[in-house]
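Protein chains in written order, with our numbering: chain A, 1 to 190; chain B, 1001 to 1574.
Rendered as structure tokens:
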């Protein structure tokens, strides 16, 4: 099969690393060749971050560039817009509706863009927007937005739920597993 | 069994399987996780050293004792460790010695974009270069074989995309290695001129032997796809090229990038009509080709700045571009920022308010240079803040001395700031130094250091007493202040700047992201009391923004540090 490319985008500290590891684990369990590219270090500190997940028969480059992404999973609205140009024609976005002001907006040098979801749809993108933050807080922690979104994504992929549950067990520390399972279920039920 | 592993984790696995016993490193993105992962294996002793020079020297000593040993660092860390490296190249090893160096093309988390292959060439040490996680593991193991076979330290160079990408790795059991008995051999190990002259001859012969090995090693691979176009490449660039050009071209992939073979280059070039060299950063393979008289194109097409990727290669060589629909409007950028509750913020607020010249250093606090605080005038390298300030103050005298400070983190201070502080005391520099002691190595993701009281394994360790240390060096004026208490910090900074003597302020408050740090309840703004003065906005806190003309605090980010409350003149924040 042709290599599929997924981008996970958000703001440093939102948990894109865990999400990419869960997704990578699921794809490996399905027998695909997988590459997951992460971001560490300075860019993590509240900046715009992107991790890449690629899978197929053989994967060479770990990065996803403009016009190559099949799916973008976004933890924050402005970041969904920022990376939308990386989508292929017919690409999809699954995004949290959470907004976090970047520093130029905080200092008043720029304003936060409006009607992002509408503008993305006008670009002929299939957008699924979910209030992941509220669902995560319902599950027990605002930090679980990433796993809520994994729940949403799991419904859109053809793999058994059991594979996702196994990946959660492998990637999430034992003391947070119940809360994360709840977050995943709430996302899956959207 | 195949496991999805980060390049760095796979590297550690290779060291473990090869029987590595001793590892000493200093953290640095993108190399840090190798040593963290290695510390998880009980069979390997792994430690954080105060800097890369100490790490390499310790690993070299462990090698003399007969153990397979290891040190890891980022590209700029190898500059710090260059001194022992260049002479270890002469002494050679006893047990195998592998040194990992991680380059950062694109500067995701670095102050320059240097190419570590230059160090391999200049030090005459062999260098291996993996392009994915499996190769990280395999080349770590091969590194030990070559180190012991050719009696040399071996450098293994990764880059951000190799170190921080996960791909499948086949795991094997560990092979224990007996210690190679130590024998006193001054002519090999005591590098005084008479002995070093003899060893230089050995080094030159070894390079010739390594070139012969490079002609036949299976890690320098040719993929003949029956094309008349040949691609010469290495590391991550191979993966980008393979994705862009698939099997339409022939490949010569160098898994060993120093020393380079000669015959194999010439034979590959003779088998193709057109040769392109695709390598990140500097044109080192290309220069080798040209020295051999091979007609090729490389840097004139791809340049030497930033990362490569498959789209760049497809565009430059195939003229192919992807259809892209851009978002219809300009979007605000989102640069990295100091976290909500970051203890550095209080210090930078005071420095910004008083328009102090700030000699910066390497760490999270380099973000103090960003808007709105903009409280940094220069940043060069680890430990440079104190020494740069000393020179600056000496030339400009009182005008500078009363209006400039150096800022340096606890880990960076122990890395190489200490020597500079000794210089300040020794040469009676009227300089004011602020040690930003957040009790951890922050930027690289929370590593212990000699001031934290814990070692790499998390066990209790001796903690440097910074106050006593500064006194011992000869700095009489040393005081501790809490950056969460702005008035206290402001008083400390202004008083020490006014004094004609060297002084140190230790700004002490643990990183807000540390698990043991208890957060207060989030603060919120009473909109009726908020007078829109925007004083709180001057902090550049990512949790505070203006909503409908009034300040607003994001409860998911606020950790209740209370600095904004101290600034609010209208008691609107509680």
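Virtual Cβ for every residue (Gly too), placed ideally from N, Cα, C.
CB of residue i within 9 Å of CB of residue j, strictly
i              : j              : result
residue 1507/B : residue 1573/B : no
residue 1407/B : residue 1368/B : yes
residue 1436/B : residue 1469/B : no
residue 76/A   : residue 61/A   : no
residue 1613/B : residue 1232/B : Nothing can be reported for residue 1613/B: it is not among the residues displayed for chain B, which extend from 1001 to 1574.
residue 150/A  : residue 91/A   : no
residue 1443/B : residue 1363/B : yes
residue 88/A   : residue 1323/B : yes
residue 1047/B : residue 1023/B : yes
residue 1107/B : residue 1116/B : no
residue 36/A   : residue 1167/B : yes
residue 1072/B : residue 1031/B : yes
residue 1095/B : residue 1177/B : yes
residue 1173/B : residue 1215/B : no
residue 1103/B : residue 1280/B : yes
residue 148/A  : residue 172/A  : no
residue 1169/B : residue 1004/B : yes
residue 1483/B : residue 1464/B : no
Buried versus exposed, by CB contacts within 10 Å (16 or more), residue i
i              : result
residue 1171/B : exposed
residue 1334/B : buried
residue 1298/B : buried
residue 1239/B : buried
residue 1395/B : exposed
residue 1320/B : exposed
residue 1247/B : exposed
residue 1235/B : buried
residue 1318/B : exposed
residue 1344/B : buried
residue 1546/B : buried
residue 1139/B : buried
residue 1027/B : buried
N- and C-terminal bounds of the alpha helix (DSSP H) containing residue i
i              : result
residue 1302/B : 1299 to 1302
residue 25/A   : 16 to 29
residue 7/A    : Element bounds for residue 7/A: not the alpha helix (DSSP H) but the beta strand (DSSP E), 4 to 11.
residue 164/A  : 161 to 171
residue 1141/B : 1133 to 1150
residue 1209/B : 1193 to 1216
residue 1384/B : 1384 to 1396
residue 133/A  : 132 to 139
residue 1187/B : 1186 to 1189
residue 1289/B : 1284 to 1291
residue 182/A  : 177 to 188
Boundaries of the beta strand (DSSP E) in which residue i is found, first to last residue
i              : result
residue 1320/B : No beta strand (DSSP E) contains residue 1320/B, which DSSP labels as neither H nor E.
residue 1345/B : No beta strand (DSSP E) contains residue 1345/B, which is instead part of the alpha helix (DSSP H) from 1344 to 1353.
residue 1005/B : 1002 to 1006
residue 1023/B : 1022 to 1025
residue 1174/B : Counting along the chain, residue 1174/B falls outside any beta strand (DSSP E), and DSSP gives it neither H nor E.
residue 48/A   : 48 to 56
8 Å contact criterion, which residue i and residue j should meet: CB distance rounded
i              : j              : result
residue 1111/B : residue 1076/B : 7 Å
residue 1520/B : residue 1560/B : 3 Å
residue 1447/B : residue 1455/B : Not confirmed; about 10 Å, so no contact.
residue 24/A   : residue 34/A   : 5 Å
residue 1401/B : residue 1431/B : 7 Å
residue 1379/B : residue 1411/B : 15 Å between Cβ atoms; not a contact.
residue 71/A   : residue 94/A   : 7 Å
residue 163/A  : residue 14/A   : That belief does not hold up - the Cβ atoms of residue 163/A and residue 14/A are roughly 24 Å apart, past 8 Å.
residue 143/A  : residue 132/A  : About 11 Å separates the two Cβ atoms, so there is no contact after all.
residue 1007/B : residue 1164/B : 7 Å
Contacts of residue i in chain C (Cβ-Cβ under 7 Å)
i              : result
residue 1345/B : Going by chain labels, chain C is absent from the structure shown, which instead holds the protein chains A and B.
Any non-hydrogen atom of the ligand ATP within 8 Å of residue i CB
i              : result
residue 1052/B : Looking at this structure, you won't find the ligand ATP or any other ligand, since it has none at all.
- Message: To be precise: take each residue of the stretch 1416 to 1450 of chain B, compare its Cβ to all Cβ atoms of chain A, and keep it if any distance is under 7 Å. Which residues remain?
- Response: For the stretch 1416 to 1450 of chain B, which is checked against every Cβ of chain A, the residues closer than 7 Å are 1443, 1444 and 1445.
Please name the residues in the stretch 1495 to 1523 of chain B whose beta-carbon is closer than 8 Å to at least one beta-carbon of chain A, in chain order.
none
If the cut-off is 8 Å on Cβ atoms, which residues from the stretch 1325 to 1342 of chain B count as contacting chain A, listed in chain order?
1325, 1326, 1327, 1328, 1329, 1331, 1332, 1333, 1334, 1335, 1336, 1337, 1338 and 1339
May I ask you to list, following chain order, the residues of the stretch 92 to 123 of chain A that have a beta carbon less than 8 Å from some beta carbon of chain B? 100, 101, 102, 103, 104, 105, 106, 107, 108, 109, 110, 111, 112, 113, 119, 120, 122 and 123
query = Between the stretch 1355 to 1373 of chain B and chain A, which residues of the former have a C-beta closer than 9 Å to a C-beta of the latter?
reply = 1364, 1366, 1367, 1370, 1371 and 1372
ask   = For the stretch 1222 to 1250 of chain B, which residues have a CB atom closer than 7 Å to at least one CB atom of chain A, in sequence order?
value = Of all residues in the stretch 1222 to 1250 of chain B, the ones placed with a Cβ closer than 7 Å to any Cβ belonging to chain A are 1239, 1240, 1242 and 1243, in chain order.
**Asked** Using a Cβ cut-off of 8 Å, which residues of the stretch 1140 to 1172 of chain B contact any Cβ in chain A, in chain order?
**Response** 1161, 1164, 1165, 1166, 1167 and 1168
- Query: In chain order, what residues of the stretch 1097 to 1126 of chain B put their CB closer than 7 Å to some CB of chain A?
  - Reply: 1108 and 1109
Contact residues within the stretch 54 to 88 of chain A, judged by C-beta distance below 7 Å to chain B = 60, 61, 62, 63, 65, 66, 67, 68, 78, 81, 82, 84 and 85
Short of 8 Å Cβ to Cβ, which residues in the stretch 1032 to 1051 of chain B face chain A? 1032 and 1033
Name the residues in the stretch 19 to 45 of chain A whose C-beta lies less than 9 Å from a C-beta of chain B; which are they?
20, 21, 24, 25, 27, 28, 33, 34, 35, 36, 37, 38, 39, 40, 41, 42, 43, 44 and 45
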